[in-house]
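A short write-up of the structure that comes next.
Quick look at the structure:
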């Protein structure tokens, strides 16, 4: 059974709740229309289709769009080597979806990390605490509207943060095969650099 | 040069060496700086090399890495100090007995290094006083030894008894 067949089985089981599987470069993605069903889909995928390994859960901030959050699950069957990606959207006002921790225990820390960095909550998670930042830190740093330099905070007795001086940065590197001086991270406007690459004006890390 | 000046010489054993109490104490002190290895990132791996046989920090009397701050003299901050670890770093420094010194090892500990982001403290000198900064990412072990020698130089110049109550009592006894 291939990954596409497995994806089609999920589609057949859940019908309209799941969009048609799409294939890109040999990888199968299934869009779950209703985020509330993510637990049922994952449970089915593990118990009936043998996806016994949750590779990763990650989240995307579609800043300025509605729904704002996308949550992405990478599933793998150890025995058959199949991989399927599940995607679902969550609105900002809700910012909550069911935990898949009862399906894969490894989801515990993945979900805590998403809660910490992006501020999406997982209902039914037994221990939804911050995992990288400390309790009391008021922000979610991976959100698009959070500045790279950070914001000043202070939790007395725990930790403080200050705004990092960017000195004209961020310092970005450019993809290049030339020497390390050309590749070195420098103050560059990322948008300009991307445009220069697409216009083929950028050769060996130098702008023409 | 240092060996000539201070080294153990069996020929003069039993003879009299004249010096000041301060100079003798400083000599004891600077040749037994016990480091507190504050290993926070990849610099800590280089710090291990400093302690191992090839570079051999024991040549400078600092092989006794103390993981208890109460037994350490010199904190070597080896690595990236995040805001989350800044709190306990300060607490460990506060627990070290006086006199104490700090080496900021590498770009991250000195300035935040390549991490200009919300998570990283921009230089450990914002929370503890630093005596020697080492450049490099990571620095060579020789650079760490050089920093240690600079600390020794500094300790050698610091008066220990001068101006203290102990010195005054000694003076009174002489009179």
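Residue numbers (the numbering used here), protein chains in the order written: chain A, 90 to 297; chain B, 12 to 186. Just so you know, even glycine gets a beta-carbon here, dropped at the ideal spot from N, CA and C.
Taking 7 Å as the CB threshold, residue 195 (chain A) stays off the interface with chain B. Given a length threshold of 3 residues, each whole run of the beta strand (DSSP E) inside the region 202 to 276 of chain A is given here in chain order: 210 to 212, 242 to 244 and 248 to 250. Sixteen is the threshold: when 16 or more other Cβ atoms of the shown chains lie within 10 Å of the Cβ of residue 162 (chain A), as they do, the residue is buried. CA-CA distance, residue 88 (chain B) to residue 113 (chain B), rounds to 7 Å.
Non-local beta-carbon contacts of residue 152 (chain A) in its own chain, meaning distances under 8 Å to residues more than five positions away in sequence, involve 232, 233 and 234 in chain order.
Here residue 135 (chain A) carries a helix assignment [DSSP, helix/strand/coil]. Judged by DSSP secondary structure, residue 145 (chain A) falls within the beta strand (DSSP E) whose first and last residues are 142 to 150.
When C-alpha distances from residue 96 (chain A) are compared across A:146, A:164, A:145 and A:149, the shortest belongs to A:164. Taking 7 Å as the CB threshold, residue 239 (chain A) lines the interface with chain B. With at least 16 other beta carbons inside 10 angstroms of its own, residue 140 (chain A) counts as buried. Short of 8 Å from the beta carbon of residue 103 (chain B), and not among the five residues preceding or following it, lie these beta carbons of its own chain, in chain order: 47, 49, 80 and 86. In this structure, A:158 is the residue among A:92, A:158, A:142 and A:137 with its C-alpha nearest to the C-alpha of residue 122 (chain A). The alpha-carbon separation between residue 97 (chain B) and residue 115 (chain A) amounts to approximately 45 Å. Against chain A, the beta carbon of residue 102 (chain B) has no neighbour under 7 Å; the closest one sits roughly 10 Å away.
At a cut-off of 7 Å between C-beta atoms, residue 90 (chain B) does not count as an interface residue with respect to chain A. Here the alpha carbons of residue 165 (chain B) and residue 145 (chain B) stand approximately 16 Å from one another. Of the residues assessed, residue 41 (chain B) falls on the buried side of the cut-off, its CB having 16 or more other CB atoms within 10 angstroms.
Between the region 200 to 217 of chain A and the region 183 to 191 of chain A, the count of C-beta pairs closer than 8 Å reaches three or more; the two stretches touch. Excluding residues up to 5 positions away in sequence, 219, 220, 221 and 222 lie with their Cβ nearer than 6 Å to the Cβ of residue 205 (chain A) in the same chain. Setting aside the 5 residues that flank it on each side, residue 111 (chain A) is surrounded in the same chain by 118, each with a C-beta closer than 6 Å to its C-beta; the list follows chain order.
About 15 Å separates the Cβ atoms of residue 177 (chain A) and residue 143 (chain A), ruling out a contact at the 8 Å cut-off. Shown here, residue 90 (chain B) sits in coil according to DSSP, grouped into three states, outside any helix or strand.
DSSP places residue 142 (chain B) in the coil class of the three-state scheme, outside both helix and strand. Boundaries of the beta strand (DSSP E) harbouring residue 117 (chain A): 116 to 121, taken from the DSSP string. In the structure shown, the three-state DSSP call for residue 178 (chain A) is strand. The Cβ-Cβ distance between residue 91 (chain B) and residue 131 (chain B) falls below 7 Å.
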